[in-house]
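In what follows, a single structure is set out as structure tokens and then discussed.
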Amino acid sequence: MPNFAIQSGVLKGLKLVFNPAEGTRPTKSIVRESFFNTIGGEIVGSVFIEAFAGCGSMGLEALSRGASEAVFYEIDKGAYSILEKNLSLAKRRIPTLDISHFHTDFFAQDLKPYMSLSIQVILYLDPPFCIREGKADIYQKLLAKIHNLGRCAIGLIVFEHWSEYNMPHIIGVYERLKVRQFGKSALTYFRLKD
């Protein structure tokens, strides 16, 4: 199995594993770096939710850079097994990391426990691209879930998606802040409206 490493912070250099045969891929280094440079110090003390966790690279990078807690959701059994290995590697280095992980479908999850927190929650969505077989409606389903959130502690939502898909300007109480493209991938940032 190939590996890659956490880029910065207290877990810097920690080698994580992933299995390309599982159909999950870690977020590219350039995308991770751009994301964390864009949000800067906002990560410190936040709760970071990685909704389609795969190998957990974004959530672990968030913890490494100062998030107070990371929450991981992954439905695929093989990917979840790899996620557990990576979370175990991180906990071995820093046993006090606050990590929750669930082998479940994100669409079936109630986000209420995170909606009324007094600290900012960052929701990172990296679903399978909508061009993959059987996934044509995945972005619409996520947009509907976000539209129903209402005002809450989830102050920032970021989609990693197929770059040719145009995200809307407004989703419920969230407005599009910016879009960054990286070849076939893009990051679209949504902020809770004032």
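All residue numbers in the sequence shown are consecutive under full-length UniProt numbering, ending with 194.
Each residue gets a CB set at the ideal place from its N, CA and C atoms; glycine is no exception.
Where does Q140 sit, in a helix, a strand or coil, going by DSSP? Looking at Q140 - three-state DSSP - the assignment turns out to be helix.
Per-residue DSSP class, three states only, for A90: Here A90 carries a helix assignment [DSSP, helix/strand/coil].
Return the CA-CA distance between H161 and P128, expressed in angstroms with no decimal places. Using only the alpha carbons, I get a separation of about 8 Å.
Inter-residue CB distance, S163 and K145 (contact presumed, cutoff 8 Å): Wrong, their Cβ atoms sit about 22 Å apart, outside the cutoff.
Tell me, to the nearest whole angstrom, how far the beta carbon of I119 is from that of F18; I am working on the premise that it is less than 8 Å. With a beta-carbon spacing of about 30 Å, I119 and F18 fall beyond the 8 Å limit used to define contacts.
Using the rule of at least 16 other Cβ atoms within 10 Å of the residue's Cβ for burial, across every protein chain shown, is E133 buried or exposed? By the 16-neighbour rule on beta-carbons within 10 angstroms, E133 is exposed.
If the criterion is Cβ atoms closer than 9 Å, does the pair R180 and P168 meet it? No Cβ-Cβ contact shorter than 9 Å links R180 with P168.
Beta-carbon proximity check, F102 vs V71, cutoff 9 Å: Yes, the Cβ-Cβ distance between F102 and V71 is below 9 Å.
Short of 6 Å in beta carbon distance, which residues of its chain neighbour K193, apart from the five on each side in sequence? Order them along the chain. So the list reads V173, E175, once near-sequence residues are dropped.
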